[in-house]
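Counting the sequence shown from 1 gives a position; this note's numbering is that position plus 41. Written out below as structure tokens is the structure these notes cover.
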Amino acid sequence: MRAQKTELPKTMETDELTTYETTWGEMHVEYDVFKKRFDVTPYLKGLPNDRDPCPHWGIIVKGKGKISYDGKEETFQAGDVYYAPPGHTGVFEEGTELWEFSPQDKLQKTMEVISMNTAAVRKEAQMF
Numbered sequence: 042m043r044a045q046k047t048e049l050p051k052t053m054e055t056d057e058l059t060t061y062e063t064t065w066g067e068m069h070v071e072y073d074v075f076k077k078r079f080d081v082t083p084y085l086k087g088l089p090n091d092r093d094p095c096p097h098w099g100i101i102v103k104g105k106g107k108i109s110y111d112g113k114e115e116t117f118q119a120g121d122v123y124y125a126p127p128g129h130t131g132v133f134e135e136g137t138e139l140w141e142f143s144p145q146d147k148l149q150k151t152m153e154v155i156s157m158n159t160a161a162v163r164k165e166a167q168m169f
């Protein structure tokens, strides 16, 4: 299987993020375009230790980001390949684009919590 980002279904379009994604076999394939700085941490509330238990592998196409896990912090930039182990959180800078691959079964559980938190995070942001 192969695809360009625009050949994948666009599943999210917000002020902060555009996501293209699909599932190939047991692997979730995703391309993200961050239009604004994006901290995923508030969306993870309710997961174990308020961190993402799903591992991810990815490639930074452009921009930069960082992941935090096990008391460590790693920064990555365009051209880097990365692994985000279970128990991580991340921040992506405006203009960052990346490919990310995740086990579909583990990602589904994370996405259920993120979906529940999305409305609360947006409501809180509107208050400011």
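Each residue gets a CB set at the ideal place from its N, CA and C atoms; glycine is no exception.
For Q118, the uninterrupted beta strand (DSSP E) segment begins and ends at K113 to Q118.
Around G87, the same chain offers V154, M157 and N158 as residues with beta carbons nearer than 8 Å, after the five sequence neighbours per side are excluded.
Within 10 angstroms of the beta-carbon of A44 lie fewer than 16 other beta-carbons, which makes it exposed. By the C-beta criterion, the region 57 to 67 is judged not to be in contact with the region 120 to 128, since fewer than 3 inter-stretch pairs fall below 8 Å. For the pair D93 and T52, the CB atoms are not nearer than the 9 Å cut-off. For I101, the pairing in a beta bridge is given by DSSP as L139. In the three-state DSSP reduction, L148 falls in the helix class (H, G or I).
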